[in-house]
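Colleague: Please see the structure below; I have some questions.
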Amino acid sequence: MLACAVPALAAPQAISVHSGWGAFRDGKRCYAIAEAEPSLARGELEPFASVSLAPDAPALQLRLSRVIRTGSAVTLQVGNRRFRLSGEGATATSRDVGNGGSRAVIAALREADTMVVHARDRRSRYFRDIYDLSGAPTAIDAALIGCAL
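Next up, the structure:
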């Protein structure tokens with residue numbers, strides 16, 4: 004009989020929590036994450052936002068409350084700024100976004116009180132996911148410090 008040692012997969016390490024936003028470390032990757040505000044509209048999924056803080060590729064990634072229609076525009080409104088996101092299935096991301104890229108999106112998160120994601124689902128119904136950003140700047144900073152980025 005051959006015995007082999009398999010390293011246990013480590014769970015992400017919590018760094019801190021700030022007004023609904025958590026900062027986590029997962030190996031060399033750190034991120035801030037939050038759930039969307041509760042909605043009366045029925046969604047298919049539990050939406051959340053994750054700010055990945057890898058030094059070479061910071062990005063906002065969103066799991067949407069519904070699967071989007073193929074080719075549907077996904078718009079992110081952060082305060083008075085709007086960004087068009089890349090979207091597929093139930094995921095939207097700020098990678099390769101115009102208007103300054105992911106860094107501009109993350110900077111906007113630090114300055115606003117709320118962010119709203121707008122899109123159309125597979126049945127062409129308009130939906131939106133809303134996030135309270137009051138804890139986002141502190142959680143982002145905690146994640147940066149936690150990974151010494």
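Numbering-wise (our numbering), the sequence shown opens with residue 4 and increments by one. Even for Gly, the Cβ is constructed at its ideal location relative to N, Cα and C.
1. Could you tell me the distance, in whole angstroms, from the CA atom of S105 to the CA atom of P58?
2. DSSP state of R113, grouped into three classes?
3. Considering only C-alpha positions, which residue in the set S22, I109, R32 and I18 is nearest to L65?
4. Can you tell me the Cα-Cα spacing of A142 and R72, whole angstroms?
5. Is the distance from the Cβ of R28 to the Cβ of Q16 below 8 Å?
6. If P41 sits next to S68, beta carbons under 8 Å apart, how far is it from one beta carbon to the other, in whole angstroms?
7. Please list the segments of the beta strand (DSSP E) lying wholly inside the segment 43 to 90, counting only runs of 3 or more residues, in order along the chain.
8. Going by DSSP in three states, C150 sits in which element: helix, strand or coil?
9. In the DSSP assignment, find the unbroken beta strand (DSSP E) run with D29 in it and report its ends.
10. Hey, would you say S19 sits closer than 8 Å to Y34, going by beta carbons?
11. DSSP three-state label for R126, please.
12. Quick check: what's the CA-CA separation for A151 versus A145?
Modeller: From the atom records:
1. 12 Å
2. helix
3. I109
4. 32 Å
5. yes
6. At roughly 11 Å, the Cβ-Cβ gap does not stay under 8 Å, so P41 and S68 are not in contact.
7. 51 to 55, 62 to 66 and 77 to 81
8. coil
9. W24 to D29
10. no
11. coil
12. 9 Å
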